[in-house]
Structure formats: C-alpha cells, structure tokens
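Chains as they are written, first to last, in the working numbering: chain A, 1 to 457; chain B, 1 to 32.
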C-alpha cells in the first residue's frame, strides 16, 4: 500500500531520529496561531478604514469588531472538539497542513472583507475559518509530543503551548510594524498587513508540517523504561475519547480548566484599564501597555515552567498550587490598591498570569495521566470547549461587575475588589474539583480488538 | 541531523526572541 506525503504512515520516524526535532515543529505552528491573542492590535485601525485618521460614518465600531475574536475563540474550542478524533487518525502532518490552510486562508479571506468593507466576510474569514485553524493547529502536535516524551510529557507539551503565548508577543509588534510600513495616503495598511501575515503564517506553519514526525509504535527513549509501579493518578491503561467524556474525571478536569482560565482571561482583557483605574495618576497609558506586555510574558513563561514542574510534583499538585496561590493573590490585590503599591500589584498579576498559562500547558499531560495516550489529542480537543466558555465568562464577569459597581457609586479605584473576590470563589470551585480527582474506573478502559485467530489447517 | 536540529531551533527561536525583546522594551515603560 502506498501512502501520500501527508499520511501518518509517511511521518513515522526512522531509527536515530532526534526527538528534539519535534518541539520546534510544534512551536512553528503554535507561534503562528498564538497571534489570536494579539488580534486587538487591528481593532482601532479597522475602525478607520474609511476615515483613515479618524472614524467616519460607515466605519465599523469596536463593539462590532469585538465579535471577530469571540467567534474565533468559539470556533477554536468547537473545531478542536469536533476534529479531535480526525486529528488523531490522520496524524500531525495532515492536520498541521489543514490548520495552516485555514489560519493563513482566514487572513486572506478577511483581506477580501476589508477590501469590500463587508464585516461578515471577516467574521467568516478570521472568525470561522481562522478559528478552525486555531483549534486544529492547537491540538495537532499535542499527542505526538506526549508519545515522543513519555518521560517528560509536561515539559514537551509545555514547550509547544508556550509557543501559543509567545505568538502574541511576536504578532503585536509585527502587526504594528507592517501597518506602519504599508500605510499610504489612501490606506492605513491593514489590508496589506492581513495579506502579508496570511502568507507569512502559512509558510512558517509549513516548517512544522515538513519537520514533524511520529514515533514508531514500539519506540521508547533510549535507556528509559516505564516505571514498574506507576505513580498515583497516572494510568498505564487507555480510555477512548467517546468513553472519556462519560467519566466524572473528564468533567472535573473541564471545570478545573474552565475556572483557571476564567480567572485569568478576564484580567488579561482588562489589565490596562484596571491598573490605570486602581492607581489613578500613578500609572499612565504607556505604562499600562507595558504592564500588559509584562503579564503576557509571564503567561508565556508560566506555560513552560509550570508544565515542566508538573513532571516532578504531579499534575494534581500543580493545580493545587494554582488554585491555592491564586486565591491568596487575588484576595491580596485589593489591598495592594489600598496601600498604593504598584510593585506588589504587578508582582501578584505576573504570578497569576503565569499560572493561567501554566493551566493551559499542564492540562494535556494531566489528560494523559488520567486517560492514557491512545486518544489524548481528541480528549484534549473536547476539553478545550472549557476555554470557549471561559473566554465569554471571564471578560463578562470582570466588565459587568465593574460597571455595576461604578453605576452604584463605587469609586473606580475600588470597583475591582468584588471581582477579585469572585475570582477567589471560582478558584475555590476549581480547587474542590481538582481535590475530588480519582483514577478512572477500569470499566472505561479501551481494549484493542484481538487479532483474528486463524482456523487450524 | 544535528545541523537540521540547530536550523529548526534557530528558525523558531529568532522570532520568539524578537517578540520577547520587543515586549521587554515595552514593559520597561512601566518602571520609568
């Protein structure tokens, strides 16, 4: 039987293949799709496509444009859930290629929307098509990395998912640079920037497509043997995706991820106004932008640091740290505002955001511990629906409660206190779910179908 | 194989390092 270049069978690594070739392949994809976090860079320029220097009648407003990111995140979660099993079946090369086509194509379709000034085309391009690229791209290297690094699964997936955090750090200055470069008297350069970024991202993701390999079924790292007595909450069995989501463990993990992300994502979106309002007159708008950059950096670092740490202290303990330390830090934030300590405020949020990123990066290894490696990518895909929910819940909680407080006469500097205590409550729910985690019962295990027995001659 | 490994890591490392540098540069405004 012959296989095409994109088939899983064509990507099986030969003897002597260096497994450290795989993390950069995964990074090539995640560094691109992480651009999603920096999409807000385009919001203001997109409101001035007609007026150029300022919004003119007929220009889009920020509320309408906000939907582009929301649609993309919803499609990230849903495409990861729907296509997870397909990604497992066809392997990382084909799925990364499809992700590159969708993500790069999403930019190009959106460029058509900008050219025709039709917002629905951008919703369809970046939101739906790009969102599918985000979802498929996000999960495509995960199970491959776990199989290449059975000795350090947290570190391996942490390295890739760190790329998603790092992608925003690259995309934000890159977008500004390109828009400035393409700006003319008749265009603010957004259209050209979308086309350029679509092409660049497609080509960069192809580095991952071309270099990714899967290990042979019987491959193990040299000198490594699976521990004779597995650690607590680390299974040696496998659970198929259709069984996994029937287990209480899947839903406990869903809530664990949802609570951890909700707490972080709301703050990430409101970080700039929050620091300016909590420290009026002390923190300027450029300094607030610096704060956003700093916490984004900790979001990225936390992904690698916490996921790698989880290989030593265990996944459950890592999340215990996230929730307990998170509760302490969120509870301390209003106090930092009252005493006017910007340094303590910044330090608290750097740690909080590192744990937000760490939550994303540690979850694939947690899933592998609970459900085995058989369909871990597909299970991860379904779990990412928690991200979609948190992506709506977090910002709504922070924005609406703040507004409610202000409308009821609370000074802006204190309008975030209740929100912080609500975040503590969410983290407490996450803590309890993580505390309740037990090993999956054996009746959910997957048993490979026995090879057909030959009739005696 | 070692050369390919180095090229791959450099290919992803350079843009990432640039992004981190630009972010740190921006973050410095917080301490000014």
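C-beta atoms are modelled at their ideal positions from N, C-alpha and C, and glycine is treated no differently. Bear in mind that the values here come from a model prediction, so they are computed numbers and not experimental data.
Worksheet entry | Residue closest to residue 72 of chain A, alpha-carbon to alpha-carbon, out of A:22, A:232, A:138 | A:138
Worksheet entry | Backbone CA spacing between residue 460 of chain A and residue 25 of chain B [nearest angstrom] | Not covered by the structure: residue 460 of chain A. The range shown for chain A is 1 to 457.
Fill in: Cβ-based contacts, 9 Å cut-off: residues of the segment 250 to 272 of chain A near chain B
The residues in question: there are none.
Discussion item. With a threshold of 8 Å between beta-carbons, can residue 349 of chain A be considered close to chain B, or not?
Written reply: no
Worksheet entry | Alpha-carbon spacing of residue 94 of chain A relative to residue 394 of chain A, whole angstroms | Rounded to whole angstroms, residue 94 of chain A and residue 394 of chain A show a C-alpha spacing of 34 Å.
Item to complete: Identify every residue that forms a DSSP beta bridge with residue 142 of chain A.
Response: DSSP, once it has assigned bridges, lists no residue as partnering residue 142 of chain A.
Worksheet item: Which residues, in chain order, does the segment 338 to 372 of chain A contribute to contact with chain B at a C-beta distance below 9 Å?
Response: With the criterion set as a beta carbon lying under 9 Å from some beta carbon of chain B, the members of the segment 338 to 372 of chain A are 342, 346, in sequence order.
Item to complete: For residue 315 of chain A, I'd like the list of residues in its chain whose CB is within less than 7 Å of its CB, leaving aside the five on either flank, ordered along the chain.
Response: 362, 365, 366, 369, listed in sequence order.
Item to complete: Starting from the C-beta of residue 152 of chain A, find all residues in its chain whose C-beta is less than 8 Å away, skip the five residues before and the five after it, and write them out in chain order.
Response: Taken in chain order, the residues that qualify are 308, 311.
Worksheet item: alpha helix (DSSP H) containing residue 85 of chain B: first to last residue?
Response: Since the displayed chain B opens at 1 and closes at 32, residue 85 of chain B lies outside it and no answer follows.
Practice prompt. Just the C-alpha distance for residue 266 of chain A and residue 216 of chain A, rounded to the nearest angstrom, thanks.
Written response: 42 Å
Worksheet entry | Beta carbon proximity, residue 30 of chain B to chain A, threshold 8 Å | yes
Worksheet item: For residue 29 of chain A, which three-state DSSP category applies?
Response: helix
Fill in: Proximity winner among A:214, A:439, A:126, A:148, relative to residue 9 of chain A (alpha-carbon distances)
A:214
Worksheet item: Which bits of chain B does residue 291 of chain A rub up against, with CB to CB less than 7 Å?
Response: 30
Discussion item. For residue 164 of chain A and residue 305 of chain A, I'd like the C-alpha separation in whole angstroms.
Written reply: 14 Å
Worksheet item: Straight-line CA distance for residue 423 of chain A to residue 326 of chain A?
Response: Distance between the alpha carbons of residue 423 of chain A and residue 326 of chain A: 9 Å.
Worksheet item: Counting contacts by CB-CB distance shorter than 8 Å, is residue 3 of chain B in contact with chain A?
Response: Chain A places no beta carbon closer than 8 Å to that of residue 3 of chain B, leaving this residue out of the contacts.
Worksheet item: For residue 310 of chain A, does the three-state DSSP call read helix, strand or coil?
Response: helix
Discussion item. Tell me the DSSP secondary structure of residue 457 of chain A in three-state form.
Written reply: The predicted position of residue 457 of chain A is uncertain, since its pLDDT is 43 and thus under 50; a value taken from the coordinates is nonetheless stated next. In the structure shown, residue 457 of chain A sits in coil (DSSP, three-state: anything other than H, G, I, E or B).
Worksheet item: Buried or exposed: which applies to residue 92 of chain A, given that a residue is buried once 16 or more other Cβ atoms fall within 10 Å of its Cβ?
Response: buried
Item to complete: With residue 12 of chain A as the anchor, note down where its alpha helix (DSSP H) starts and where it stops.
Response: No alpha helix (DSSP H) contains residue 12 of chain A, which DSSP labels as neither H nor E.
Discussion item. Runs of 4 residues minimum, wholly inside the segment 280 to 356 of chain A: which ones carry the alpha helix (DSSP H) assignment?
Written reply: 285 to 313, 315 to 338
Item to complete: Could you give the DSSP three-state label for residue 440 of chain A: helix, strand or coil?
Response: Residue 440 of chain A sits in coil when the DSSP states are folded into three classes, being neither helix nor strand.
Worksheet item: Counting pairs of beta carbons, one from the segment 7 to 21 of chain B and one from the segment 382 to 399 of chain A, are three or more of them closer than 8 Å?
Response: no
Item to complete: Let me know the secondary structure DSSP gives residue 214 of chain A once reduced to three states.
Response: Reduced to three states, the DSSP call for residue 214 of chain A is strand.
Worksheet item: Do residue 376 of chain A and residue 136 of chain A come within 8 Å of each other at the CB atom, strictly closer than that value?
Response: no
Worksheet entry | Under 7 Å by beta carbon: chain A residues contacting residue 6 of chain B | None at all; the shortest Cβ gap to chain A is about 10 Å.
Fill in: Where the alpha helix (DSSP H) containing residue 256 of chain A begins and where it ends
248 to 278
Worksheet entry | Reduced DSSP secondary structure (H/G/I, E/B, other) of residue 466 of chain A | The structure shown does not extend to residue 466 of chain A, since chain A is modelled only from 1 to 457, so the question has no answer here.
Worksheet item: Nearest chain B C-beta to residue 141 of chain A closer than 8 Å, yes or no?
Response: no
Practice prompt. List the residues of chain B whose Cβ lies closer than 9 Å to the Cβ of residue 287 of chain A, in chain order.
Written response: 29, 30, 31, 32
Discussion item. Please identify the residue among A:174, A:56, A:402, A:224 whose C-alpha is closest to the C-alpha of residue 19 of chain B.
Written reply: A:174
Practice prompt. Pick helix, strand or coil for residue 50 of chain A, following the three-state DSSP scheme.
Written response: Residue 50 of chain A carries a coil assignment under DSSP once its states are collapsed to helix, strand and coil.
Discussion item. Among A:81, A:111, A:429, A:421, whose alpha-carbon lies nearest the alpha-carbon of residue 198 of chain A?
Written reply: A:111
Fill in: Extent of the continuous alpha helix (DSSP H) to which residue 126 of chain A belongs
Premise fails: residue 126 of chain A is in no alpha helix (DSSP H) and is neither H nor E.
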